[in-house]
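*Asks:* To convert, take the position in the sequence shown, counting from 1, and add 106; that gives our numbering. Positions of the beta carbon are idealized from the N, C-alpha and C atoms, including for glycine.
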Amino acid sequence: MNPPPAPTILRDRFRGALLGLAVGEALGAPAEFLTAEQVVEKYGVITEMLGGGVYDIQPGGVTDATEMMLCLAESLADNGAFEPEDVIARLAAWLESQPVHVSLTVRAALISYRSGTHWDVASRRAYEILGGPTAGNGSLIRCAPVSLLYYADAEKRREVSHRESMLTHFDRLAGWSCAAFNDLLTRAFDGGLAGDLLEVAAAFVEEDKRVAAVLRDTPDSDVEEIVSSSFVLDTLQTALWTVLHATDFEHAVTVAVNMGNDATAAGAVTGALAGAVYGESGIPERWLERLTVRSRVTAVADRLYSLAGLC
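Structural data, given as structure tokens:
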């Protein structure tokens with residue numbers, strides 16, 4: 107594990123993780139639910155904030171990944187800790203605002219909560235209603251703020267990552283994927299992502315061998331093995347592979363979103379990881395200036411940096 111970087115660099119990377127998530131999602135919006143071939147036919151290669159797509163959002167607009175991330179981030183910042191009932195209440199209020207997209211698993215859990223189910227069993231009730239395993243990426247796309255507040259506490263970071271995922275995703279695979287991803291973000295903040303992969307993988311062997319295998323095997327995977335879908339391990343692998351094989355933030359995120367399919371999720375998770383590596387300063391300004399939530403995301407990233415005791 108690398109030593110922590112200078113405060114100015116760490117703050118830049120904290121901002122980069124959350125801004126990168128939002129930028130990646132916004133960039134991926136027009137490619138959502140298209141195949142890679144359809145993306146090429148319709149757009150060529152997406153390199154700009156085009157908007158539109160199945161959600162018909164404005165250029166630089168965001169959807170569920172960023173909106174849920176902000177619910178979590180602002181709850182962590184307001185409370186100075188993970189307060190699960192506050193997080194799920196914010197998510198439920200977000201659902202009531204009629205967002206342009208909500209995944210089936212998230213919607214089922216939040217409707218269960220709104221109907222009177224206690225917050226700590228809402229996802230189990232949704233799991234039963236949906237009929238079994240629900241290891242979608244809906245908790246992975248929002249989990250990055252946990253890595254900021256609990257940057258210096260690995261045990262607490264993993265615990266909160268898993269518990270926060272369980273608010274909507276009862277399937278433990280989703281929770282361990284979130285915990286692993288937040289560990290990857292922390293290593294990226296410290297400048298040690300590639301060199302620390304085997305160590306992170308080893309830490310998750312006992313929790314879930316499938317997560318550990320993705321961390322261990324992805325660096326040597328061929329591009330043909332990378333799949334953009336709503337399955338949590340596919341999204342985790344897409345983000346890790348693209349960042350490890352990219353030369354900069356723009357390269358990583360454009361590769362991810364042009365795969366199509368679940369392009370907003372792939373863009374968001376890849377953007378968070380690439381942003382943790384390259385920082386806010388590594389995100390193209392032409393993308394940041396179009397991002398509709400730039401100031402709000404920056405503000406909460408800075409609050410979490412302060413709460414993490416790093417300044």
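Closest by CA to leucine 140, which one among Leu304, Met365, Arg293?
*Replies:* The sequence position of residue 140 within the sequence shown is 34, counting from 1. Among Leu304, Met365, Arg293, the Cα nearest to that of leucine 140 is on Met365.
*Asks:* Ordered along the chain, which non-local residues of its own chain (more than five positions away) have a Cβ less than 6 Å from that of alanine 318?
*Replies:* For the purposes of this step, residue 318 is identified with residue 212 of the sequence shown, where counting begins at 1. The answer, listed in chain order, is Ala307, Phe310, Val311.
*Asks:* Is the separation between the beta-carbon of glycine 238 and that of phenylalanine 337 shorter than 8 Å?
*Replies:* If you number the sequence shown from 1, residue 238 lands on position 132. If you number the sequence shown from 1, residue 337 lands on position 231. No, the Cβ-Cβ distance between glycine 238 and phenylalanine 337 is not below 8 Å.
*Asks:* Report all residues from its chain with a CB closer than 6 Å to the CB of arginine 264; omit the five preceding and five following residues, and keep chain order.
*Replies:* Along the sequence shown, one-based indexing puts residue 264 at 158. Within the same chain, arginine 264 has close Cβ partners Ala285.
*Asks:* What residue from Glu391, Leu273, Leu178 has the CA that sits closest to alanine 214's CA?
*Replies:* Mapped onto the sequence shown, residue 214 falls at position 108. Measuring from the Cα of alanine 214, the nearest candidate turns out to be Leu273.
*Asks:* Using only CA atoms, which one of Ser387, Leu291, Ile247 lies nearest to valine 208?
*Replies:* Translated into the one-based positions of the sequence shown, residue 208 becomes position 102. Of Ser387, Leu291, Ile247, the residue nearest in Cα terms is Ile247.
*Asks:* Whole angstroms is fine: what's the gap from alanine 345's alpha carbon to glycine 373's?
*Replies:* If you number the sequence shown from 1, residue 345 lands on position 239. If you number the sequence shown from 1, residue 373 lands on position 267. C-alpha separation (whole angstroms): 8 Å.
*Asks:* Put phenylalanine 139 into one of helix, strand or coil per three-state DSSP.
*Replies:* Residue numbering aside, residue 139 sits at position 33 when the sequence shown is read from its first letter. Three-state DSSP puts phenylalanine 139 in coil, outside helix and strand.
*Asks:* Just the C-alpha distance for glutamate 180 and valine 406, rounded to the nearest angstrom, thanks.
*Replies:* Walking along the sequence shown from the start, residue 180 turns up at place 74. Walking along the sequence shown from the start, residue 406 turns up at place 300. Distance between the alpha carbons of glutamate 180 and valine 406 is about 6 Å.
*Asks:* Does the segment 119-139 come within contact of the segment 370-388, defined as at least 3 CB pairs closer than 8 Å?
*Replies:* With a cut-off of 8 Å, the segment 370-388 and the segment 119-139 count as touching, because enough Cβ pairs lie within range.
*Asks:* Give the DSSP bridge partners of phenylalanine 337, in chain order.
*Replies:* For the purposes of this step, residue 337 is taken as the residue at position 231 of the sequence shown. Answer by DSSP bridge pairing, in chain order: Gly242.
*Asks:* Could you check if serine 387 is buried or exposed, using at least 16 other CB atoms within 10 Å of its CB as the buried criterion?
*Replies:* As a working mapping, residue 387 is identified with position 281 in the sequence shown. Serine 387 should be labelled exposed.
*Asks:* Keeping to the same chain, check which residues put their C-beta closer than 6 Å to that of glycine 281; ignore five residues upstream and five downstream.
*Replies:* In the sequence shown, residue 281 corresponds to position 175, counting from 1. Here the set comprises His268, Ser271, Met272.
*Asks:* Tell me whether the segment 290-307 and the segment 254-264 touch, counting them as touching only if at least three CB pairs, one residue from each stretch, are closer than 8 Å.
*Replies:* A contact exists between the segment 290-307 and the segment 254-264.
*Asks:* Between which residues of its own chain and leucine 178 is the CB-CB distance below 7 Å, once the five residues before and five after are set aside?
*Replies:* By one-based count along the sequence shown, residue 178 stands at place 72. For leucine 178, where only same-chain residues beyond five positions count, the Cβ hits under 7 Å are Val193, Arg248, Pro251, Glu270.
*Asks:* Does the segment 376-385 come within contact of the segment 115-123, defined as at least 3 CB pairs closer than 8 Å?
*Replies:* Judged by Cβ distances under 8 Å, the segment 376-385 makes contact with the segment 115-123, as three or more pairs qualify.
*Asks:* Here's the rule I'm using: 16 or more other beta-carbon atoms within 10 Å means buried, otherwise exposed. How should glutamate 202 be labelled?
*Replies:* By 1-based counting over the sequence shown, the position of residue 202 is 96. The residue in question, glutamate 202, is exposed, as its Cβ has fewer than 16 Cβ neighbours within 10 Å.
*Asks:* Quick one: using the 10 Å Cβ neighbour count with 16 as the cut-off for buried, is glycine 244 buried or exposed?
*Replies:* Position 138 of the sequence shown, counted from the start, is the residue given in the question as residue 244. The residue in question, glycine 244, is buried, as its Cβ has 16 or more Cβ neighbours within 10 Å.
*Asks:* Would you decide whether leucine 210 is buried or exposed? Buried here means 16 or more other CB atoms lie within 10 Å of its CB.
*Replies:* Working through the sequence shown from its first residue, we reach residue 210 at position 104. That one is exposed.
*Asks:* Are the CB atoms of serine 283 and leucine 342 within a distance shorter than 8 Å?
*Replies:* As a first step, residue 342 is located in the sequence shown; it is residue number 236 there, counting from the start. As a first step, residue 283 is located in the sequence shown; it is residue number 177 there, counting from the start. Contact flag set, yes.
*Asks:* Span of the alpha helix (DSSP H) holding methionine 174?
*Replies:* Residue mapping note: residue 174 aligns to position 68 of the sequence shown, counting from 1. Residues 170-185.
*Asks:* Under three-state DSSP, which class holds glycine 166?
*Replies:* Residue 166 sits at position 60 when you count from the first residue of the sequence shown. Glycine 166: coil per DSSP, three-state reduction.
*Asks:* To the nearest whole angstrom, what separates the beta carbons of aspartate 328 and serine 334, a pair I think is in contact under 8 Å?
*Replies:* Start at 1 with the first residue of the sequence shown, and residue 328 comes out as number 222. Start at 1 with the first residue of the sequence shown, and residue 334 comes out as number 228. Going by Cβ atoms, the distance from aspartate 328 to serine 334 rounds to 15 Å, so no, they are not a contact pair.
*Asks:* Relative to the C-alpha of valine 363, which candidate in Gly159, Glu189, Ala112, Pro110 has its C-alpha closest?
*Replies:* Here residue 363 is taken as the residue at index 257 of the sequence shown, counted from 1. Ranking Gly159, Glu189, Ala112, Pro110 by Cα distance to valine 363 puts Gly159 first.
*Asks:* From what residue to what residue does the alpha helix (DSSP H) around threonine 398 run?
*Replies:* For the purposes of this step, residue 398 is taken as the residue at position 292 of the sequence shown. Per DSSP, threonine 398 belongs to no alpha helix (DSSP H) and is neither H nor E.
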